[in-house]
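Notes follow once the structure below has been shown.
Numbering (full-length UniProt numbering), first residue to last: 1 to 115.
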């Protein structure tokens with residue numbers, strides 16, 4: 001088995017804080033949130049620690065604030081893009097579950113055996 005699995009093409013990630021959602025290639029019924037900040041790609045399970053619901057609303061839209069935070073569409077919890085830590089909202093001081101990713105010029109990959 002390869003130590004990485006394709007998640008998306010580089011061209012699908014917005015350089016300006018846009019959030020992209022992909023199915024988790026290993027865990028069923030979970031999606032992964034990918035977001036680029038300062039040239040780096042950050043990846044988290046799309047599960048808010050408040051009520052274990054997805055961060056996006058029904059239309060699959062994500063909200064970011066000042067390209068520093070991902071906001072939960074349901075309870076307005078604010079998560080630091082670089083660490084996943086909730087800095088404001090009902091789950092303050094809890095974190096999103098980070099996924100380990102790697103990149104090349106063409107794509108972003110889920111790295112296996114690491115979280």
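Glycine included, every Cβ here is placed at the ideal spot set by N, Cα and C. Just so you know, these numbers come straight off a predicted model, no measurement behind them.
Partner residues in the beta bridge of residue 85, as assigned by DSSP, are 95.
Of all alpha-carbon atoms in 94, 82, 83, 84, the one lying nearest the alpha-carbon of residue 51 is that of 94. DSSP places residue 8 inside the beta strand (DSSP E), whose first and last residues are 4–9.
It is roughly 16 Å from the alpha-carbon of residue 23 to the alpha-carbon of residue 41. Ranked by Cα distance from residue 54, the options 68, 32, 65, 15 are led by 32.
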